[in-house]
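Line order of the protein sequences matches chains A and B. Following my numbering, the numbering of the first sequence begins with 1 at its first residue and continues without gaps. Following my numbering, the numbering of the second sequence begins with 191 at its first residue and continues without gaps. Note that beta-carbon positions come from the ideal geometry of N, C-alpha and C, so glycine has one too. Notes to accompany the following structure.
Protein chains: 2
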Amino acid sequence: MKMRHKTEILTIAGELFSERGYHGTSMRELGRALDMKSASLYSHVKSKEELLWEIINHTANRFLEHARSVPVDISPEQQIASLSRGHLELIAQNLHYATVFFHEWKYLEAPLHDRIKAQSEEYEAFFYRAIEQGVQQGAFHITDIHLAVRFVLSSLNWTYQWFEPEGDLSLERLAEHYIALILNALTGEP
Amino acid sequence: MKMRHKTEILTIAGELFSERGYHGTSMRELGRALDMKSASLYSHVKSKEELLWEIINHTANRFLEHARSVPVDISPEQQIASLSRGHLELIAQNLHYATVFFHEWKYLEAPLHDRIKAQSEEYEAFFYRAIEQGVQQGAFHITDIHLAVRFVLSSLNWTYQWFEPEGDLSLERLAEHYIALILNALTGEP
DNA sequence: CCTACCGATCGGTAGG
DNA sequence: CCTACCGATCGGTAGG
């Protein structure tokens, strides 16, 4: 009859949702993983969707927090490097949450879905402005900044699909190589 | 009482699975979208998972077919360009199937899962060999080819998450810009 | 945190 | 392709 904290429930929910999907995980399975009855979960959350929302919203906030912490008075290259490194670290160090975030956010109901969408756009704007600065300063050679933002974020996001925290490839090495590839892509002559 | 073809069922299943997920779509919903009872679906397929398998296997085969059709006696740059263009075309022109492929393949049962995994590795090898050739010829400056393959495929794969076939951005323009960014990334000085 | 339970829905089958 | 139906499971509530 030991009491659970909400964060403990969210952690296990993140594991199960990332492995089997939100719709593929039942409250009974989650209860079983926590050694409690599914009915007891409802004293911590008011619905299954609340679990999904908390995982996704928490992750979105962490992405935004990091982006806001990147200085804007460093070079565009350094901004892109810092944004990219933070992005990869967040994914690699919170693989379950990141997987749920990327994989399941579209299953949130409309108002919540829209809030995440707005946060994503705010987040992308940090990449946009860094690349824009780089173009203005002549460091980057990009004719479609929006497309370049998509390209950079695509290469970073997909990491959740294959990265193994216990594998041979360290996060440091991954980040170093990816940042080099991204900066090459942005600076290359047209 | 009009008869349905299996491809028609698969097309609608692809739409529903891509929008609501495999676990989030019921056979009754699929039947409703096809104007038939869910029980009747079982004269076409033996299980819900067969629908998922056919969509994913068909998509995997099309990816492989294109990769095999790319000549190996053209320059590494041209090989990467052709592989990338084909990849983007396949996603953009089969957005529902591609979404199901990327999003739901992990929900296949182990033996089917393994077959798709093997096909994915075979597919990645085409990118690997093209980049390897480019490195040997001095055109690409890459120290970790596996990581470069991941990077390239990541940037391409994520397209299914945001591309709108009816939107302002044409497939041609997308492919042109992405190929330039990818080749920049691979050729850039270290 | 539990037991007991609700109506709804699930994938799938029998038999025509 | 249909009607009728199966046992299992779903998210969630009542009441303690």
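Per-residue DSSP class, three states only, for residue i
| i | result |
| --- | --- |
| Met3/A | coil |
| Ala329/B | coil |
| Ser170/A | coil |
| Lys37/A | coil |
| His336/B | helix |
| Tyr123/A | helix |
| His234/B | coil |
| Phe353/B | coil |
| Pro71/A | coil |
| Ser26/A | coil |
| Asn284/B | coil |
| Glu299/B | coil |
| Gly276/B | helix |
| Gly324/B | helix |
| Thr378/B | Contrary to the premise, residue 378/B reads as Gly rather than Thr in this sequence. Note: Gly378/B maps to coil in three-state DSSP. |
| Ile9/A | helix |
| Gly21/A | coil |
Residues that residue i contacts on chain A, provided the C-beta gap is smaller than 9 Å
| i | result |
| --- | --- |
| Leu337/B | Leu169, Arg173, Leu174, His177, Tyr178, Leu181 |
Integer Cβ distance of residue i from residue j, believed to fall under 8 Å
| i | j | result |
| --- | --- | --- |
| Ile116/A | Ile55/A | At roughly 11 Å, the Cβ-Cβ gap does not stay under 8 Å, so Ile116/A and Ile55/A are not in contact. |
| Leu302/B | Trp243/B | 5 Å |
| Gly134/A | Leu186/A | 7 Å |
| Leu34/A | Ile9/A | 6 Å |
| Ser345/B | Phe151/A | 5 Å |
| Leu41/A | His66/A | Their Cβ separation, rounded to whole angstroms, is 31 Å, which puts Leu41/A and His66/A out of contact at 8 Å. |
| Gly167/A | Tyr297/B | That pair is no contact at about 23 Å. |
| Asn374/B | Asn184/A | 6 Å |
| Ile179/A | Ala81/A | 5 Å |
| His367/B | Asp144/A | 6 Å |
Cβ shell of residue i (< 8 Å), same chain only, five flanking positions each side left out
| i | result |
| --- | --- |
| Val149/A | Glu124, Phe127, Tyr128, Ile131 |
| Leu174/A | Leu88, Ala92, Thr159, Phe163 |
| Val290/B | Gly204, Phe207, Ser208, Tyr212, Leu242, Ile245, Ile246, Thr249 |
| Arg62/A | Leu90, Asn94 |
| Leu226/B | The residue you asked about is not Leu; residue 226/B is Met in the sequence shown. Cβ within range, chain order: Arg194. |
| Glu109/A | Glu49 |
| Ile12/A | Leu30, Ala33, Leu34 |
Contact list for residue i against chain B, beta-carbon separation under 7 Å
| i | result |
| --- | --- |
| Phe151/A | Ser345, Tyr368, Leu371 |
| Asn184/A | Asn374, Ala375, Gly378 |
Closer than 8 Å: residue i CB and nearest the ligand GTP heavy atom
| i | result |
| --- | --- |
| Thr187/A | You won't find the ligand GTP in this model; it holds no ligand whatsoever. |
Where residue i meets chain A, residues with beta-carbon distance less than 8 Å
| i | result |
| --- | --- |
| Tyr297/B | Arg20, Gly21, Gly24 |
| His293/B | His103 |
Within-9 Å CB hit, residue i to chain A
| i | result |
| --- | --- |
| Thr349/B | yes |
Any chain B beta carbon closer than 9 Å to residue i
| i | result |
| --- | --- |
| Trp53/A | no |
Neighbour list for residue i in chain A, Cβ cutoff strictly below 7 Å
| i | result |
| --- | --- |
| Asp334/B | His177 |
Neighbourhood of residue i by C-beta, 7 Å cutoff - its chain only, sequence neighbours within 5 removed
| i | result |
| --- | --- |
| Phe330/B | Pro266, Ile321, Gly324, Leu376, Thr377 |
| Lys238/B | Met217 |
| Leu273/B | Ala257, Val260, Phe316, Phe317, Ala320 |
| Glu122/A | Leu64 |
| Leu171/A | Leu88, Glu89, Ala92 |
| Arg85/A | Ala175, Ile179 |
Cβ shell of residue i (< 6 Å), same chain only, five flanking positions each side left out
| i | result |
| --- | --- |
| Tyr287/B | Gly204, Ile245, Thr249 |
| Trp105/A | Ile56, Ile116 |
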